[in-house]
Amino acid sequence: MTKPIEGEKKVFMTGNEVVAWAALAAGAEIMYGYPITPQNEIMHYWTRMAPKYGRKFLQTEDEISAGFTCTGGVLAGKRAFTATAGPGNTLMQEPMSMAEMMRIPTVLIVCQRGGPSTATVIYSQQETTMTCYGGNGEGFRIVYSTATHQELFDYTIKAFNTAWKYRFPTFVLGDGYQSKMRESLSIYDPEARNIEMVRAEPYVVKGGVPGENRDPAHLRNTYNMEEELYEVIMDHAREYEKIAPEIIEYEEYECDDADVLLVAHGVVSRAAKGAVKELRQDGKKVGHFKPVTLRPFPEKELLERAKAAKQVIVIESAYGQLDKLVKSHLYGCSTPIAQYFRPGEGITIEEVVQETKKYL
Amino acid sequence: MSVQPQMPKSWRSETKPHKFCPGCGHPLILKALGEVIDELNIADRTVFGCDIGCSLLAWDFFNVDTIQTHHGRTTPVIVGLRRANENVIGIAYMGDGGGYAIGSQHLVNSAARDEKVFVLLANNTQYGMTGGQMAPTTLPGQKTETSPYGRDTELTGPPVQGPEMVAAISGENAYVARGTVGNVRQLKKFIKKAIQNVMEGRGFAFVEALSLCPTNWRTNAEDTWKFVEKDMATYFKVGEIKVPGEKKEG
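Chains A and B, in that order, give the protein sequences. Numbered per this note's numbering, the first sequence spans residues 433 to 792. Numbered per this note's numbering, the second sequence spans residues 91 to 340.
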């Protein structure tokens with residue numbers, strides 16, 4: 433069977449199309465999904481292309497089911513994924529908490545829309561907290577926040593590898609803007625870039641007869657004793673902390689001598705970067721720090737930059753979700769932290785320039 | 091020398107005695123299931139999913155790969171698994187709360203989509219694990235922790251007819267039956283036909299088993315059997331409801 437993408441090629445497409453291509457290129461074998469805007473076209477492109485490459489799709493009755501069927505696909509040993517947004521992401525937290533507890537490497541693409549509740553179908557960064565820490569758990573998950581279509585492609589492929597390598601549920605946190613706008617990027621066959629895809633393995637039906645020539649797989653998420661649960665969670669915590677340095681990713685722009693440090697993630701970092709460019713032309717010492725992984729968070733790296741700056745400004749299309757993350761990781765840093773919050777609204781370069789000037 | 095009780099080969103002896111209450115119906119259902127797994131020789135490709143509620147106590151019951159899931163979510167986990175690996179014989183095991191209340195959308199839609207999985211549901215007319223609350227299957231007038239004066243059908247509706255509902259919405263090739271622990275031989279036959287239905291890729295399979303809960307019913311042995319064989323049988327008709335291309339029994 434031919435590969436979905438041979439080598440590498442330049443394309444101009446929407447983010448949702450990018451995700452479908454990336455999942456195909458990554459060798460995702462099955463997608464489980466339920467309609468919700470602005471995520472729909474991931475399914476639309478997937479259902480058009482998947483059968484040509486022997487891949488499968490199941491449209492479920494809701495996002496709870498999309499998430500749980502996805503865990504089933506992963507347990508069968510397949511690279512399986514799902515995608516959602518907003519209230520769908522809320523429902524998705526139940527299966528994702530099971531994935532967290534049972535170390536099931538699901539991949540979930542989140543296309544953030546306005547919240548809370550139904551809100552808008554357009555855009556926000558209001559699913560940051562939920563994607564990082566949703567469910568009744570500790571947030572042992574990996575969250576990549578993407579800013580460009582290129583990143584959307586790169587990190588969707590990477591999400592499958594990170595998930596299967598470390599066996600924590602992995603999320604690509606996009607948004608409605610990225611879903612719907614068109615942008616140019618390179619799409620590629622991972623092999624063409626020497627990216628080796630981590631092998632997916634079944635958790636059940638692994639060959640042999642259970643009880644005869646192997647032990648049965650008895651997978652559970654329920655524990656009887658406090659001590660039992662404590663051990664399991666502490667194992668997860670130790671493992672998560674051990675691997676965090678290998679997973680953490682961030683981007684710095686003009687940070688070396690920055691007096692004012694703009695912290696933004698996802699698509700908003702484009703406005704922050706644009707503002708830095710503009711202000712640097714006027715000789716202003718402004719820099720931008722973009723965490724790519726929100727879980728685990730690039731704490732040491734941000735702390736170092738924040739300490740060297742005179743002012744930190746957190747900029748986000750939410751009312752303090754990135755801000756909470758930043759503050760918790762900058763504990764002990766005396767640099768003042770200011771905020772620019774536009775919940776559910778896009779943020780332009782001009783706005784960021786204007787806001788930053790207040791601190792120059 | 092101690093004499094070992096007779097157990098299906100697919101039962102995991104290391105985890106016996108099991109964790110269910112004395113007099114519970116689950117072990118009878120699981121014995122029938124275990125014997126069918128033995129007879130069909132499918133332990134190597136069966137995945138047993140168990141729900142939350144008393145059914146979760148079966149998480150290490152079998153020498154069969156097992157996934158214990160969330161309350162009501164066993165059906166989608168098994169469906170997702172079977173979709174990804176068609177060689178798997180997927181069994182979703184749950185109680186009446188898991189299947190008819192919190193997970194009803196999954197049961198309804200899996201049946202409607204004719205998923206090739208087998209859902210086995212124990213109906214003991216209440217929530218056992220949480221201490222005996224009213225369930226969709228609680229009989230009219232039956233006292234539970236949340237219907238302490240007896241179930242008022244004016245306020246809470248009549249007992250849910252699960253297999254009848256599944257039969258109404260599933261395709262031609264679905265297998266649907268209601269058995270009872272009062273007739274394990276017949277229940278086993280239903281379970282076998284259900285598994286064969288999914289093994290042969292024919293269609294969805296659903297068996298409700300009328301079960302026992304003397305702990306929460308607060309009944310002695312005699313009244314326990316009277317409840318399942320007389321009281322429950324008044325509302326829940328035992329027998330095959332839908333058999334692809336065959337004559338029904340019972």
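Using N, Cα and C, we set each Cβ at its ideal position, and we do this for glycine too.
Beta carbon of residue i nearer than 9 angstroms to that of residue j
i, j, result
"B:D77", "B:T105", "Nothing about residue 77 of chain B can be read from this structure; chain B reaches only from 91 to 340."
"B:V271", "B:L118", "yes"
"A:T492", "B:V167", "no"
"A:A707", "A:H697", "no"
"A:T479", "A:A512", "no"
"A:E526", "A:F500", "yes"
"A:Y464", "B:R173", "yes"
"A:M481", "A:P436", "yes"
"B:A182", "B:V169", "yes"
"B:Y265", "B:R292", "yes"
"A:I574", "A:T552", "no"
"B:A212", "B:C111", "no"
"A:Y662", "A:L651", "no"
"B:H160", "A:N653", "yes"
"A:V542", "A:L605", "yes"
"A:L726", "A:S577", "yes"
"A:H668", "A:F572", "yes"
"B:D186", "B:G252", "yes"
"A:A704", "A:G439", "no"
"A:M524", "A:G566", "yes"
"A:A690", "A:P728", "no"
Nearest candidate by alpha-carbon position, reference residue i, set the options
i, options, result
"A:G520", "A:S616, A:P548 and A:T434", "A:P548"
"A:E449", "A:S618, A:K732, A:A632 and A:D494", "A:S618"
"A:D586", "A:Y555, A:Y609 and A:I627", "A:I627"
"A:R599", "A:I468, A:D755 and A:R535", "A:R535"
"A:I468", "A:I462, A:R487, A:I496 and A:A455", "A:I496"
"B:T305", "B:Y217, B:T236, B:K282 and B:F326", "B:Y217"
"A:T522", "A:R545, A:M562, A:K484 and A:P483", "A:M562"
"B:K279", "B:F110, B:T220 and B:F296", "B:F296"
"A:T767", "A:K789, A:L735, A:K790 and A:E787", "A:L735"
"A:G639", "B:P238, B:S145 and B:N177", "B:N177"
"A:V692", "A:M524, A:Q713, A:E663 and A:K742", "A:K742"
"A:E633", "A:R625, A:T552, A:K590 and A:V506", "A:V506"
"A:Q582", "A:D667, A:T446 and A:N645", "A:T446"
"B:P133", "B:F294, B:I179, B:E319 and B:D313", "One point to set straight first is that residue 133 of chain B is Ala, not Pro, in the sequence displayed. Checked all of B:F294, B:I179, B:E319 and B:D313; the closest Cα to B:A133 is B:I179."
"B:L302", "B:G162, B:L130, B:T215 and B:K332", "B:T215"
"A:V443", "A:V784, A:E615, A:D688 and A:D621", "A:E615"
"B:Q96", "B:K109, B:G115, B:E125 and B:H116", "B:E125"
"B:R102", "B:S92, B:L130, B:I127 and B:N153", "B:N153"
"A:A454", "A:G764, A:D714 and A:D621", "A:D621"
"A:V700", "A:Y763, A:W596, A:L754 and A:N568", "A:L754"
"A:A460", "A:E473, A:G486 and A:P470", "A:G486"
"B:G222", "B:K316, B:V93 and B:P238", "B:P238"
Chain B residues whose Cβ lies nearer than 8 angstroms to that of residue i
i, result
"A:V630", "Here the premise fails: no neighbours, minimum Cβ distance about 17 angstroms."
"A:E440", "Simply none; closest approach about 30 angstroms."
Presumed contact (8 angstroms Cβ cut-off) between residue i and residue j, rounded CB distance
i, j, result
"A:T514", "A:A531", "Not really, about 11 angstroms apart at Cβ, beyond 8 angstroms."
"A:V724", "A:E681", "4 angstroms"
"B:V137", "B:D150", "Rounded, the Cβ-Cβ distance is 14 angstroms, inconsistent with contact."
"A:Q544", "A:P775", "With a Cβ gap of about 11 angstroms, A:Q544 and A:P775 do not count as contacting."
"B:A201", "B:I259", "5 angstroms"
"A:T588", "A:A458", "7 angstroms"
"B:R241", "B:M224", "6 angstroms"
Residues that residue i contacts on chain A, provided the C-beta gap is smaller than 9 angstroms
i, result
"B:R135", "V637"
"B:A264", "The contacting residues do not exist; B:A264 stays about 17 angstroms from chain A at best."
"B:V169", "L490, T492, S497, F500, T501 and G504"
Chain-ordered neighbours of residue i on chain A, where CB pairs are closer than 8 angstroms
i, result
"B:R275", "In chain order: nothing, as chain A lies at least about 25 angstroms away."
"B:G187", "Near B:G187 there are no residues of chain A at all, since even the closest Cβ is about 16 angstroms away, more than 8 angstroms."
"B:H160", "F500, E526, P527, M530 and N653"
"B:Y120", "Before going further, note that residue 120 of chain B is Leu rather than Tyr in the sequence given. By Cβ distance, chain A contributes nothing, its closest Cβ being about 14 angstroms from B:L120, past 8 angstroms."
Within chain B, partners of residue i - CB distance below 7 angstroms
i, result
"A:H650", "W149, D150 and T156"
"A:E493", "Q195, H196 and N199"
"A:P548", "Residues of chain B passing the Cβ test: none, with the nearest at roughly 23 angstroms."
"A:A458", "Simply none; closest approach about 16 angstroms."
heavy atom of the ligand GTP below 8 angstroms from residue i C-beta
i, result
"A:E493", "This structure simply doesn't include the ligand GTP, nor any ligand for that matter."
Closer than 9 angstroms at the beta carbon, the chain B residues around residue i
i, result
"A:I462", "G170, R173 and A174"
"A:A508", "V137, G170, L171, R172, R173, A174, N175 and V178"
Chain-ordered chain A contacts of residue i [CB-CB under 7 angstroms]
i, result
"B:L146", "T654"
When you compare the region 274-286 of chain B with the region 184-195 of chain B, are there three or more beta-carbon pairs, one atom per stretch, that lie closer than 8 angstroms? no
Pair every Cβ in the region 738-751 of chain A with every Cβ in the region 771-791 of chain A, then say whether three or more of these pairs are closer than 8 angstroms. yes
Kindly confirm or deny that the region 225-233 of chain B and the region 203-211 of chain B touch, where touching means at least three C-beta pairs closer than 8 angstroms. no
Beta carbons nearer than 7 angstroms to chain E: which residues of the region 564-583 of chain A have them? Going by chain labels, chain E is absent from the structure shown, which instead holds the protein chains A and B.
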